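Visitor: Under the UniProt record's numbering, read the sequence shown as residues 1 to 140, first letter to last.
By construction, the Cβ of each residue, glycine as well, lies at the ideal position given by its N, Cα and C atoms.
Since the model is a prediction, treat every value here as computed from it, not as a measurement.
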Amino acid sequence: MTNNVSKVAFSTSLLDSGEGNTVNLEYMTLVFKNVFTNIGNHYSPVTGYFTAPIRGVYYFRFTGHLASVNNFLAMRLVKNEDPIVLSGDRVHDIYREDNVSNGVVLQLEINDVVAIQLGGDIWDDTYHRSTFSGFLLFAL
């Protein structure tokens, strides 16, 4: 394992500028366009997928912000298109905004892919309230 491959980390937010909602009632892959960090370039801001460069144990975390009354937000992390963890919420009349989050440690093989899928309504703005991050804990 080379030094470059052993250094894997990314941190992103949904929008690269401005603010707005993304809505999808059926699960679709979210493309997090604002890249804070992408060491190794294994996250694609074009497709929304992270591709494991080496066999190892990785940590992933995601957050989502809901800013629409009487709507819902469901986010799920998928590994090779299989749902692994989900987080969701619904905003009612008395609450204007809410957040969801989840995280997981996964063993990945080379070329396994991880992404976040959206069901419902998600908001992002210049405060970067909706994020997706991950990093290699150790190689196997």
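Is the CB-CB distance between Asp124 and Glu26 below 8 Å?
Guide: One-based indexing of the sequence shown puts residue 124 at position 124. One-based indexing of the sequence shown puts residue 26 at position 26. Going by C-beta atoms, Asp124 is not nearer than 8 Å to Glu26.
Visitor: Measure the CB-CB distance between Val114 and Leu77 and report whether it falls below 8 Å.
Guide: Mapped onto the sequence shown, residue 114 falls at position 114. Mapped onto the sequence shown, residue 77 falls at position 77. Against a cut-off of 8 Å, the Cβ pair of Leu77 and Val114 comes out as a contact.
Visitor: Based on Cα-Cα distance, which residue from His65, Phe50 and Gly64 lies nearest to Tyr58?
Guide: Position 58 of the sequence shown holds residue 58. It is Phe50.
Visitor: Buried or exposed: which applies to Ser11, given that a residue is buried once 16 or more other Cβ atoms fall within 10 Å of its Cβ?
Guide: Position 11 of the sequence shown, counted from the first residue, corresponds to residue 11. It counts as buried.
Visitor: Note the first and the last residue of the continuous beta strand (DSSP E) segment covering His65.
Guide: The residue you call residue 65 lines up with position 65 of the sequence shown. Counting along the chain, the beta strand (DSSP E) containing His65 begins and ends at Gly56 to Leu66.
Visitor: Looking at the structure shown, is Arg76 part of a helix, part of a strand, or coil, going by DSSP?
Guide: Indexing the sequence shown from 1 puts residue 76 at position 76. Strand, per DSSP.
Visitor: Smallest Cα separation from Phe60: which of Leu106, Leu30, Phe72 and Leu118?
Guide: Translated into positions along the sequence shown, residue 60 becomes position 60. The candidate whose alpha carbon is nearest that of Phe60 is Leu106.
Visitor: Name the DSSP beta bridge partners of Asn24, please?
Guide: The residue you call residue 24 lines up with position 24 of the sequence shown. Answer is Gly120, bridged to Asn24.
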